[in-house]
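K.L.:
When we follow our numbering, the leftmost residue of the sequence shown carries the number 8, and every step to the right adds one.
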Amino acid sequence: MSPHDIHLHHVVMTTTARQDALCPARAERFIGSGMERTPITIWGPYAYMVGANDGWGSIYHLMNDMPPGTPAKTVYIEYTLDYQPGATAANSRPVTPLFMDVTGCGNSTYDVPGNGGPGSVHTKSRTWTSPADGMAVFAAGHLHDGGIDISLKENTPGAPVCTGTASYHHNPHHLATINPCILHNKVVAGRGYTVTARYDNSRPWEDVMGIVLAYAWPGTQ
Numbered sequence: 008m009s010p011h012d013i014h015l016h017h018v019v020m021t022t023t024a025r026q027d028a029l030c031p032a033r034a035e036r037f038i039g040s041g042m043e044r045t046p047i048t049i050w051g052p053y054a055y056m057v058g059a060n061d062g063w064g065s066i067y068h069l070m071n072d073m074p075p076g077t078p079a080k081t082v083y084i085e086y087t088l089d090y091q092p093g094a095t096a097a098n099s100r101p102v103t104p105l106f107m108d109v110t111g112c113g114n115s116t117y118d119v120p121g122n123g124g125p126g127s128v129h130t131k132s133r134t135w136t137s138p139a140d141g142m143a144v145f146a147a148g149h150l151h152d153g154g155i156d157i158s159l160k161e162n163t164p165g166a167p168v169c170t171g172t173a174s175y176h177h178n179p180h181h182l183a184t185i186n187p188c189i190l191h192n193k194v195v196a197g198r199g200y201t202v203t204a205r206y207d208n209s210r211p212w213e214d215v216m217g218i219v220l221a222y223a224w225p226g227t228q
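1) Hey, how far is the Cα of Gly126 from the Cα of Arg210?
2) Between which two residues does the beta strand (DSSP E) holding Trp50 run?
3) Grouping DSSP H, G and I as helix and E and B as strand, with all else coil, what is Gly154?
4) Please name the residue in Gly171, His151, Gln26 and Ile47 whose C-alpha comes closest to that of Gly62.
5) Assuming Asn71 contacts Ile155 under a Cβ cut-off of 8 angstroms, what Cβ separation, rounded to an integer in Å, is found between them?
6) Taking Cβ to Cβ, would you say Trp232 is nearer than 8 angstroms to Val144?
7) Hey, quick one: how far does the beta strand (DSSP E) through Ile218 stretch, first residue to last?
8) Grab me the residues of Ser132's own chain with a C-beta within less than 7 angstroms of its C-beta, minus the 5 sequence neighbours each way, in chain order.
What follows is the structure in structure tokens.
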């Protein structure tokens, strides 16, 4: 079986311990990955805190590219977590995940019409308001096939925070990587931050996504 016959299209993990910072009707979405397999790098003293009794859930999408009639296969989702035993709010800087979706708080998928002709680009954006002051330490984007890039911009003064550009495998032609951003950027409560996903619009693309997952610490250094 080729590594591309069945692959993990995307996965997002949630915790019952907290509400989502930007979509409080949902459980906190604290980590995710797509075909781009971007490592989540929370550097230095920063850490995502986990309690002993936290319940985790996952939403995943596996893509089957095998020919019709192929016998059923059993596959597994494997993930690797680095952790620091004994980490506390006193000896670490706890971060909050900020799950910023161009479609808002509901269904993450949308369609690209593909009616723009050769070289055309479809753009979808959404502005999110920072819930607190702090320091952003990491951001990474998620796109589907057809994606060009995804960016996060601070609306005032209009400064770019992170741009992730997609690269592709040649055979089959699936999205391969999106570069992440290691950050040390001040975040201001009440300020708008805009996520913009750009897709090839020369042909239709169904059920695409445009998401940036960032992590921020509610401190000032």
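All C-beta atoms in this analysis are idealised placements derived from N, C-alpha and C, irrespective of residue type, glycine included.
P.N.:
Taking the geometry as given:
1) 10 angstroms
2) Looking at the DSSP string, Trp50 is not in any beta strand (DSSP E), and its letter there is neither H nor E.
3) strand
4) Gln26
5) Contact flag wrong, Cβ pair sits at about 26 angstroms.
6) The chain is shown from 8 up to 228; residue 232 falls before or after that span and cannot be answered.
7) Gly217 to Trp224
8) Val109, Thr201, Val202 and Thr203
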